[in-house]
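Going by my numbering, the sequence shown opens with residue 26, and the numbers climb by one from there.
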Amino acid sequence: MAFENALHLFPLDAAPKGHDLIHWNSNTLWRSDYDDMAVGYFFFAQDIFGEQFSLWDEQVWRFDPETGHSQM
């Protein structure tokens with residue numbers, strides 16, 4: 026957790042409670058709800074509003090869960 030728990034960074038390996046990076050990026054969780062809008066992104070964090078932060082094309086992107094749109 027960072028910024029007084031406003032940003033959750035996913036751990037590299039399995040955590041006792043929660044998800045690790047591999048599990049969070051699998052298609053068995055939330056990603057399947059977005060069809061191809063989340064394809065190609067590697068998500069590593071989320072903020073308190075549920076916005077996802079990802080890496081794609083050597084840049085950090087923000088993924089809006091309400092619209093499914095990404096922006097740098």
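Every residue gets a Cβ at the ideal spot worked out from N, C-alpha and C, and that includes glycine.
Cβ-Cβ separation, residue j to residue i (assumed contact under 8 angstroms), whole Å
i, j, result
"D14", "L32", "Residue 14 is absent from the model: the chain starts at 26 and stops at 97."
"Q77", "M97", "The Cβ separation is near 14 angstroms, so there is no contact."
"F69", "F35", "6 angstroms"
"L46", "L37", "6 angstroms"
Where residue i falls: helix, strand or coil (DSSP)
i, result
"L34", "strand"
"D72", "strand"
"P79", "According to the sequence as given, residue 79 is Ser; it is not Pro. Strand."
"S57", "helix"
When the options are compared against residue i, the one with the closest alpha-carbon
i, options, result
"M62", "S51, E29, T92", "T92"
Cutoff 9 angstroms: residue i Cβ touching any chain B Cβ
i, result
"N52", "Absent here is chain B; the protein component of the structure consists of one chain."
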